[in-house]
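Participant:
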Amino acid sequence: MISEFELLAEKLNRLAEMTQTLRLENAALRRTAVDLASENKDLRERVSEAHNRVEAILAQLPNEEEKDAV
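As numbered in the UniProt record's numbering, residues 1 to 70 make up the sequence shown, in order.
1. For A56 and E65, I'd like the C-alpha separation in whole angstroms.
2. With respect to the alpha helix (DSSP H) encompassing N63, which residues constitute its N-terminal and C-terminal limits?
3. Could you have a look at M1 and say whether DSSP puts it in helix, strand or coil?
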């Protein structure tokens with residue numbers, strides 16, 4: 001009977017350790033997710049700015065009708 005309690009206590013200790021490990025891992029993953037979301041936002045803004053610059057450059061180029069007139 002005592003060995004059963006010892007076995008149960010050992011299992012509970014392992015469960016508590018695993019729970020703590022998973023909590024720490026979960027916290028780290030949440031921080032990583034926040035960092036990645038911020039990086040993603042920055043990259044989307046950069047892509048949008050690049051897109052706007054390319055559109056502005058393309059708008060300055062002569063179109064087909066202007067080329068034919070020359």
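Idealized CB from N, CA, C, for every residue including glycine.
Facilitator: From the atom records:
1. 19 Å
2. That residue, N63, is in no alpha helix (DSSP H); it is neither H nor E in DSSP.
3. coil
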